[in-house]
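Visitor: Please see the structure below; I have some questions.
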Amino acid sequence: MSLSVPTGGAVDLRVEPVDEVLAFVERSLQTCLDPNTVVRKRRSVGARTDRDTWVRIERRQIGKIGDQGWNGTEQAARVTDVAQPSWRGCVVWHDAEDSVMWRADETGLLPAEPIGTAVLSEAPELSDDWWWRFNASLDALAAHGTNRVATPDTETITQSLVTRSIRSVWPGDLDTTVEQWVPAHADLNWANMTAPVFCLFDWEDWGNAPRGLDSASLWACSLAVPALADRVRRERRADFAGRDGKLMTLFACSKILGPDAHPQDPRRGPARRMAEEIVQELRVG
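Read in our numbering, the sequence shown has 99 at position 98, and its numbers run on one by one without any break.
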């Protein structure tokens with residue numbers, strides 16, 4: 002089935018027409034989407050339904066869908082003791098005129114509003130109870146068992162990817178070997194959590210990853226607000242203390258300091274300072 006989004010090249014669903022996509026999803030899931038609630042992101046669109054649920058629609062290149070598929074939200078429904086929306090059902094289809102797949106997952110509504118954009122420039126108001134539930138959910142997730150492999154930014158995380166990313170910024174003989182792999186959300190940022198009630202959503206990329214990936218990712222998203230970045234490190238200190246946590250911090254910093262990063266990113270200074278400290282620690286250790 003071919004819908005209205007143009008084929009070929011990069012597609013940004015924030016600007017492309019998606020009316021036909023939304024109409025197809027409505028027919029398939031037998032519901033109506035509220036146009037006043039539509040949220041458009043680069044590769045996904047979401048909206049509230051007339052039965053008080055939420056539908057998230059994603060477009061993904063077939064080459065970005067590995068052997069494990071891309072049913073992360075569905076598979077995450079098996080994870081217990083993690084605050085997340087309940088999964089209700091889905092529809093998946095192949096665009097006949099392009100090398101892409103579409104997927105629409107229907108879930109329960111979020112218990113509160115998303116905290117903000119992925120990267121924050123101001124500190125949010127988060128209670129001690131919020132941080133407790135945040136920690137409890139991440140700890141429960143890491144204790145879960147799965148055969149899935151995390152796909153941050155839709156790229157399967159491997160030892161090779163970790164090494165390549167780190168050495169793209171810090172070349173040399175630094176040992177980048179990961180020791181412990183545990184389940185991670187793999188897209189942990191401030192746009193995928195709610196407050197004042199904690200809830201973690203957008204589970205399409207979760208799976209096994211080096212311990213500390215989620216904590217380092219959220220820390221990197223907080224660097225423009227030093228007090229918030231420090232709070233993340235305090236709350237997840239067990240993740241950051243070990244060798245894997247240090248490697249994941251470098252992995253996160255490589256996205257800020259690498260050749261494709263924005264030169265005016267306000268996080269570059271603190272990321273560089275932390276990275277220099279960690280590189281020294283790893284080389285000495």
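Even for Gly, the Cβ is constructed at its ideal location relative to N, Cα and C. This one's a predicted model, so the numbers in the text were calculated from it and none came from an experiment.
Taking the alpha-carbon positions, what's the Ser45 to Ala192 distance?
Guide: Sequence index remark: in the sequence shown, residue 45 carries index 44 (1-based). Sequence index remark: in the sequence shown, residue 192 carries index 191 (1-based). Approximately 13 Å between the Cα atoms of the pair.
Visitor: Count the other C-beta atoms from every protein chain shown that fall within 10 angstroms of the C-beta of Ala77, then say buried if there are 16 or more, exposed otherwise.
Guide: The count along the sequence shown starts at 1 and reaches residue 77 at position 76. Looking at its Cβ environment, which holds 16 or more other Cβ atoms inside 10 Å, Ala77 is buried.
Visitor: If you count every other CB in all the chains shown that lies within 10 Å of the CB of Ser223, and 16 or more means buried, which is it?
Guide: Looking up residue 223 in the sequence shown gives position 222. The residue in question, Ser223, is buried, as its Cβ has 16 or more Cβ neighbours within 10 Å.
Visitor: With a threshold of 7 Å on Cβ separation, who are the neighbours of Pro197 within its own chain once the five nearest residues in sequence on each side are excluded?
Guide: Start at 1 with the first residue of the sequence shown, and residue 197 comes out as number 196. Counting only Cβ-Cβ distances below 7 Å, and skipping sequence neighbours, we find Ala113, Ser128 and Trp131.
Visitor: Keeping to the same chain, check which residues put their C-beta closer than 8 Å to that of Leu54; ignore five residues upstream and five downstream.
Guide: Here residue 54 refers to the residue found at position 53 of the sequence shown. Per the sequence shown, residue 54 should be read as Thr rather than Leu. Here the set comprises Thr32, Arg89, Glu107, Thr108, Gly109 and Leu110.
Visitor: Let me make sure I understand the geometry here. Which of Lys247, Ile116, Val101 and Val16 has the alpha-carbon closest to that of Thr178?
Guide: Here residue 178 corresponds to residue number 177 of the sequence shown, with the count starting at 1. Taking only the C-alpha atoms, the option nearest Thr178 is Lys247.
Visitor: Give the C-beta separation of Ala151 and Trp207 to the nearest angstrom, bearing in mind that I take them to be a contact with Cβ-Cβ under 8 Å.
Guide: As a working note, residue 151 is residue 150 in the sequence shown. As a working note, residue 207 is residue 206 in the sequence shown. Confirmed, about 6 Å.
Visitor: In the structure shown, what three-state DSSP assignment does Cys91 receive?
Guide: Reading the sequence shown from its first residue, position 90 is the one you call residue 91. Three-state DSSP puts Cys91 in a strand.
Visitor: Can you check whether the CB of Arg284 is closer than 9 Å to the CB of Gly243?
Guide: Against the sequence shown, residue 243 aligns to sequence position 242. Against the sequence shown, residue 284 aligns to sequence position 283. No.
Visitor: Report the start-end ranges of each alpha helix (DSSP H) in the stretch 154-184 that is 4 residues or longer and not cut off at the edges.
Guide: Fully contained in the stretch 154-184 are the following alpha helix (DSSP H) runs of length 4 or more, in chain order: 160-168.
Visitor: By the DSSP assignment, the alpha helix (DSSP H) with Ala210 in it spans what residues?
Guide: Counting from one through the sequence shown, the residue named residue 210 turns up at place 209. Here Ala210 belongs to no alpha helix (DSSP H); instead the beta strand (DSSP E) covers Gly208 to Pro211.
Visitor: Using C-beta distances below 8 Å, list every residue in its chain close to Pro7, excluding the 5 sequence neighbours before and after it, in chain order.
Guide: Counting from 1 along the sequence shown, the entry for residue 7 is found at position 6. With a pLDDT of only 49 at Pro7, under the threshold of 50, the placement of this residue in the model should not be trusted; the figure read from the coordinates follows. So the list reads Glu17, once near-sequence residues are dropped.
Visitor: For the alpha helix (DSSP H) holding Val26, just list the boundary residues, first then last.
Guide: Position 25 of the sequence shown, counting from 1, holds the residue named residue 26. Asp20 to Leu30 is the span of the alpha helix (DSSP H), which, as asked, contains Val26.
Visitor: Val46 by DSSP, collapsed to three states: which one?
Guide: Translated into the one-based positions of the sequence shown, residue 46 becomes position 45. Correct three-state label for Val46: strand.
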